[in-house]
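Going from the sequence shown to my numbering is simple: count from 1 and add 21.
Notes for the one structure printed next.
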Amino acid sequence: MRLIDTRGQMSGVVDLDSALDSARRQGMDLVEISPNATPPVCKIMDFGKYRYEEQKRLKEMKKKQKKVDTKEIKLSPRIAIGDYNVKLGRAKEFINAGNKVRVSLYFRGREITHDEVGYEVIRRFKKDMEEVAAVEVEPRFEGRQIFMILVPEGSAPQS
């Protein structure tokens, strides 16, 4: 195996027993870095310290990630203008906070026979949101509802 010492210097190709003996004399561990290489590469290091540093690095990376939530706005084909404006304002708040917004328009009872009214409400919502949000999923009919997904303007998928 190819051996790397504690300073990161290549010690050359040695057999397993001498590599283990060298690691024990230094009070360190022998860690296999690249098992698929020919010959395999091993490094003399303190494995506990290595695991601690790795966990610390992963925790730091996780802290820097931004979790994107999906918020939902529910509409109706017969929504009043005041209610519409409130829902529009909430959707803009969600988008400005960096969240995705799922806009759902539910049909109750016989409302489904006039799906063009629902599509008109969804199109109006999409048009009113286009300055702050981009459409990730175009409006589509699914069961008794029409839905679309909006994302903040900068994170829209390029087509």
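No residue lacks a Cβ here, since even glycine has one placed at the ideal position from N, Cα and C.
I'd like the span of the alpha helix (DSSP H) that includes isoleucine 100, first residue to last.
Neither: isoleucine 100 is in no alpha helix (DSSP H) and is coded neither H nor E.
Does DSSP classify arginine 18 as helix, strand or coil?
A query on residue 18 cannot be resolved here, the shown segment of the chain reaching from 22 to 180 and no further.
Can you find at least 3 beta carbon pairs, one from the stretch 90-98 and one from the stretch 110-130, that sit closer than 8 Å?
With a cut-off of 8 Å, the stretch 110-130 and the stretch 90-98 count as touching, because enough Cβ pairs lie within range.
Taking DSSP as the reference, what is the three-state secondary structure of glycine 139?
If DSSP states are grouped into helix, strand and coil, glycine 139 belongs with the helices.
Since phenylalanine 168 sits in a beta bridge, which residues does DSSP pair it with?
According to DSSP, which records beta bridges pairwise, phenylalanine 168 is partnered with Ser125 and Arg161.
Who are proline 173's beta bridge partners in DSSP?
DSSP, once it has assigned bridges, lists Ala154 as partnering proline 173.
For serine 180, which residues in the same chain have their Cβ closer than 6 Å to its Cβ, ignoring the five residues on either side in sequence?
Low confidence applies here, because serine 180 scores a pLDDT of 47, under 50, leaving its location unreliable; read the following figure in that light. Nothing listed; no residue qualifies.
Does any C-beta atom of chain D lie closer than 8 Å to the C-beta of leucine 41?
The chain labelled as chain D is not found in the depicted structure, where only one protein chain is given.
Suppose contacts are defined by Cβ-Cβ distances below 8 Å. Is alanine 58 in contact with aspartate 50 by that definition?
Result no, Cβ atoms of alanine 58 and aspartate 50 do not sit closer than 8 Å.
Looking only at C-alpha atoms, which of Lys148, Ile143 and Glu157 sits nearest to glutamine 166?
Taking only the C-alpha atoms, the option nearest glutamine 166 is Ile143.
Any idea which residues DSSP pairs isoleucine 94 with across the strands?
Partner(s): Val124.
My output table needs one value for glycine 69: the three-state DSSP class, helix, strand or coil.
Residue state, collapsed to three classes: helix.
Check whether the Cβ atoms of glycine 119 and proline 173 sit closer than 8 Å, and answer yes or no.
Yes; because the gap between Cβ atoms is below 8 Å, this pair is in contact.
If you follow the alpha helix (DSSP H) that aspartate 38 is in, where does it begin and where does it stop?
Where aspartate 38 is concerned, the enclosing alpha helix (DSSP H) stretches over 37-47.
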